[in-house]
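J.:
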Amino acid sequence: MTSVVVLNASFELLGIVPLRRAMTYLVRERAVIVESVPGASIRSAEADFPLPRVVQFREMVRVPYRFRAATWSRRGVLERDNRTCAYCGRSRVGTTVDHIMPASRLTRVEADTWLNTVAACLKCNGYKANRTPEEAGMPLLFQPREVTTRDTLLVAVTATGADVVALGLVA
Ligand SMILES: [Zn+2]
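Take this note's numbering: the final residue in the sequence shown is number 216, and no numbers are missing along the way.
(1) In angstroms, rounded to a whole number, what distance separates the CA positions of VAL99 and VAL72?
(2) Within 10 angstroms of the Cβ of LEU185, are there 16 or more other Cβ atoms? Answer buried if so, exposed if not.
(3) Starting from THR141 and walking both ways along the beta strand (DSSP E), at which residues does that stretch end?
(4) With the cut-off set at 8 Å, would you say VAL122 and ALA164 are in Cβ contact?
(5) What residues match up with GLN188 in a beta bridge as DSSP calls it?
(6) What distance in whole Å lies between the Cβ atoms of ASN170 and MET146, which are believed to be in contact at a cut-off of 8 Å?
(7) Count the C-beta pairs between the segment 175-191 and the segment 122-140 that are closer than 8 Å, then say yes if the count reaches three, no if not.
(8) Hey, how far is the Cα of GLN101 from the Cα of THR193?
(9) Are the segment 81-101 and the segment 111-118 touching by the rule of at least three beta carbon pairs closer than 8 Å?
(10) How would you label GLU80, buried or exposed, when you count the other beta carbons within 10 angstroms and need 16 or more for buried?
(11) Could you give the residue range of the beta strand (DSSP E) that holds LEU52?
Put into C-alpha cells, the structure is as follows:
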C-alpha cells in the first residue's frame, strides 16, 4: 500500500504517486486527504497520521498531459467488454475477439481498432464468420467504445483499494 491516488481540486483523476510524494503534498498543505486506509496510520513521535489512499489538490493544477487512446489489444477488448458476448449477451463466454466489419475486408490497421472489435463467444463468432452484423442478422447488444490511457490508470487506481465509484471516477 505505497501508492496514492491524486485528484485535482475539481476531483479529476490526475494520477498515482508514491506515498512519499503524496506526503510532501500534505505536509506542504497543497493537498488534503479524501480517503485514508481504514485502520492504518503513519506513526511519528508526536502523533499518528492517517495513511492516505486518495488525496486532492486544494487548488487546480494544470494537467501535464491528456489521456489518449490506448494501444489496441485483444486482451484489452475482452477486459473492456467484461468477456460478455456482444451478440448473445452471455457473460464470461466472450473469450474471442470479433471484428464487426470483417477483418478480411480491411487492412490490419483498419481492422484492429477499439471501435471495430467486440468480445464474442466462440459460437457467435463462428456463426457470424466473415459477415457484418447486418448481413448475419446479429445486431450488437452494446456499442464498443474506445479505451484510453485513463482506463489503464483506473485499473491501477482500483488496485490501490480506492473507492472509484464513491469518488465519482466511474459512471
Ligand atoms: Zn455469443
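Backbone N, C-alpha and C define an ideal beta-carbon position, used for all residues, glycine too.
Treat the numbers as computed from the prediction; the structure is a model and nothing was measured.
T.: By the coordinates alone:
(1) 15 Å
(2) exposed
(3) 141-144
(4) yes
(5) For GLN188, which the question treats as bridged, DSSP gives no partner whatsoever.
(6) Not a contact, Cβ separation roughly 14 Å.
(7) yes
(8) 22 Å
(9) no
(10) buried
(11) 48-52
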